[in-house]
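Accompanying notes for the structure given below.
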Ligand code: ADP
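In the numbering used here, the protein residues as written are 20 to 506.
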């Protein structure tokens, strides 16, 4: 018994989820790189500006202490004090009253290591509130050089410059310190990029929502394909997947539908053949069974008669099985062995074989002279089948003509007889498998001959032709000379 198929669990990672993840990762990465780069560029611009302002402050201090000079300080030279000031305190006081801090900036004057003056206007914050920072500045300037640096203090991250101030000939050491609150300086771009991050996150969410919807719509035919395919069983193969739109996925759906149609047709024809064969085999079996039942074992004549009848019926069954086998082979389209074949030569070979069937006046009427790309063996088989039928169904000694005609890229191999013809309306029936017409003359057959001829014609991309009347029939196999695709 066939094991029951378990319904498959939904895949953990659907194609839809994968597509969406890829889109989201790329989008988020793109936004992150663009935003991050812009933020870093802006940040470094702000920091450069702060440094420039710090150096300007030092220059201002130098001007206050020593008067204008053609030499610009390089930021590392000690600022000398002119004799104009009576003490370092005086110089520092003058500096603090003249050099005023800007926004987010705070300045402080140290004298001998202690905070002595703050600027004339209220600074944004008080440097003297962080003694550790003051200590750091004093130690950094103890060698008498101007120092610039960044410090993380209790007041926040600061960018500062410290310039030592001395008055020549006087004791005491002054230090001018000015610093910018970096958090406040960077606040503007930080808030701009916070807004950017929020908008970017909303955009990513919107991409996710639209992407989920679009991917779902695009993949819907594939989902339907999967659902239909899993629904289809041998009994329900008639179902087709609805085709929507005109893209790759709908093309795939059409291809699968075509495949289903082919499987459907092949299953149907197999079923039909099975039904026909069952029906055909029933008759001889019933005959054999009936005669064997009525057989008188004491009567030698009866035994001999029954034996002959049973053998005859068995032969008929044998012939039927042989025909079915041939038909199965002919249905195999890939089994054609096509070669470039001389049509006239083939005609004379088939004629020689057909003439041996006997009891008729055979003649050959060859008009075709060229060659055709065909399976000569299969064409001979089909042509002889037509000749055999003609001999079987037309009166003894009547003339039968074999011929081949060429034209319009095709060649036709035909057989014409003076038989009774096919009764009107039954022309289709005789090409069906096991399809026979009762001639009333007791001619036996399986009804598979013409099906085999038709299968061979179709495998060559051709067709079977028929012209029939009460004066006779003309059956033909017409195939393309260049070698056609299977019909
Ligand atoms: P079979 O000959 O075994 O019955 P075929 O498929 O060859 O099977 O033929 C199907 C039917 O077509 C035959 O039963 C016969 O009635 C009819 N037929 C075929 N060839 C001829 C012919 N040349 N003349 C008259 N009837 C024919």
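The beta-carbon is built from N, C-alpha and C at its ideal position, and this holds for glycine as well.
As the structure is a prediction and not an experimental result, all values here were calculated from the model.
Could you give the C-beta distance for residue 119 and residue 196, rounded to a whole number, given that I count them as a contact under 8 Å?
Going by Cβ atoms, the distance from residue 119 to residue 196 rounds to 15 Å, so no, they are not a contact pair.
Compute every distance between the C-beta of residue 232 and the non-hydrogen atoms of the ligand ADP, then say whether any falls below 7 Å.
Not under cutoff, so the answer is no.
Going by C-alpha to C-alpha distance, which of 161, 192, 381 and 146 sits closest to residue 176?
Nearest neighbour of residue 176 by Cα position, chosen from 161, 192, 381 and 146, turns out to be 146.
Residue 361, DSSP secondary structure in three states:
Three-state result, residue 361: strand.
Helix, strand or coil, according to DSSP, for residue 312 in the structure here?
DSSP places residue 312 in helix when its eight states are reduced to three.
For a test of your reading of the model: does the CB of residue 300 fall under 7 Å from any non-hydrogen atom of the ligand ADP? Yes or no.
No - the ligand ADP has no heavy atom lying nearer than 7 Å to the Cβ of residue 300.
Would you mind reading off the limits of the beta strand (DSSP E) that contains residue 200?
Segment 193 to 200, the beta strand (DSSP E) holding residue 200.
Does the Cβ-Cβ distance between residue 494 and residue 405 come in under 8 Å?
Cβ distance < 8 Å, so residue 494 and residue 405 count as in contact.
Apply the 10 Å Cβ neighbour rule to residue 505 and answer buried if 16 or more other Cβ atoms are within range, or exposed otherwise.
Burial call: exposed.
Could you tell me whether the segment 423 to 430 touches the segment 485 to 499, using the rule of 3 or more Cβ pairs below 8 Å?
Short answer: they touch.
Assigned exposure category for residue 232 - 16 Cβ within 10 Å defines buried
Taking a 10 Å sphere around the C-beta of residue 232, we find fewer than 16 other C-beta atoms and assign the residue as exposed.
Exposure label - residue 159; buried when at least 16 CB within 10 Å:
Residue 159 should be labelled buried.
Have a look at residue 299 and residue 38 and give me their C-alpha separation to the nearest angstrom.
One C-alpha to the other measures close to 58 Å.
Kindly confirm or deny that the segment 168 to 184 and the segment 61 to 81 touch, where touching means at least three C-beta pairs closer than 8 Å.
Touching, per the Cβ criterion.
If you measure from the CB of residue 436, is any heavy atom of the ligand ADP nearer than 7 Å?
If you check the C-beta of residue 436 against the ligand ADP, you find a heavy atom less than 7 Å away.
Pick out the complete alpha helix (DSSP H) segments inside the segment 118 to 168, 4 residues or longer, and give them in chain order.
If we require 4 residues or more, the alpha helix (DSSP H) runs fully inside the segment 118 to 168 come out as 150 to 160.
Residue 104 in three-state terms, based on DSSP:
Coil.
So does residue 485 have its beta carbon nearer than 7 Å to some heavy atom of the ligand ADP?
No.
At a threshold of 7 Å, does residue 495 count as lining the ligand ADP (C-beta to nearest heavy atom)?
Checking the Cβ of residue 495 against the ligand ADP gives no.
May I ask which residues mark the beginning and end of the alpha helix (DSSP H) holding residue 85?
Bounds of the alpha helix (DSSP H) holding residue 85 are 34 to 85.
If you measure from the CB of residue 469, is any heavy atom of the ligand ADP nearer than 7 Å?
Residue 469 Cβ: within cutoff of the ligand ADP.
Measuring from the CB of residue 466, is there a heavy atom of the ligand ADP at a distance below 7 Å?
The beta carbon of residue 466 sits closer than 7 Å to at least one heavy atom of the ligand ADP.
Using the Cβ count rule (16 or more neighbours within 10 Å means buried), how would you classify residue 311?
Under this definition residue 311 is an exposed residue.
Let's see if you can read the secondary structure: which residues bound the beta strand (DSSP E) around residue 417?
Under the DSSP assignment, residue 417 falls outside any beta strand (DSSP E); it carries neither an H nor an E label.
Per DSSP, the bridge partner or partners of residue 170
Its beta-bridge partners are 177.
Is the beta carbon of residue 491 closer than 8 Å to that of residue 448?
Between residue 448 and residue 491, the CB-CB gap reaches or exceeds 8 Å.
Can you tell which of 421, 47 and 292 has its C-alpha closest to the C-alpha of residue 382?
Of the listed residues, the one whose Cα sits closest to residue 382 is 421.
Hey, is residue 406 close to the ligand ADP, as in C-beta under 7 Å from one of its heavy atoms?
For the ligand ADP, not one heavy atom lies less than 7 Å from the Cβ of residue 406.
Could you please give the first and the last residue of the uninterrupted beta strand (DSSP E) stretch that includes residue 495?
DSSP places residue 495 in the uninterrupted beta strand (DSSP E) bounded by 491 to 499.
Length at least 4, wholly inside the segment 256 to 329: the alpha helix (DSSP H) runs in chain order
DSSP assignment within the segment 256 to 329 yields the following whole alpha helix (DSSP H) runs of 4 residues or more, N-terminal first: 267 to 313.
From the DSSP output, in three-state form, read off residue 444 for me.
Of the three classes helix, strand and coil, the one that applies to residue 444 here is coil, per DSSP.
Let me confirm a value: residue 32 is counted as buried when at least 16 other C-beta atoms fall within 10 Å, else exposed. Which label applies?
Answer is exposed; the Cβ neighbour count stays below 16.
Could you tell me which residues DSSP pairs with residue 426 in its beta bridges?
Beta-bridge partners assigned by DSSP to residue 426: 429.
Where the beta strand (DSSP E) containing residue 383 begins and where it ends:
Residue 383 -> beta strand (DSSP E) spans 380 to 385.
Tell me the DSSP bridge mates of residue 434?
As a beta-bridge residue in DSSP terms, residue 434 pairs with 421 and 494.
DSSP on residue 393, reduced to helix/strand/coil?
Look at residue 393 here: in three-state DSSP terms it is strand.
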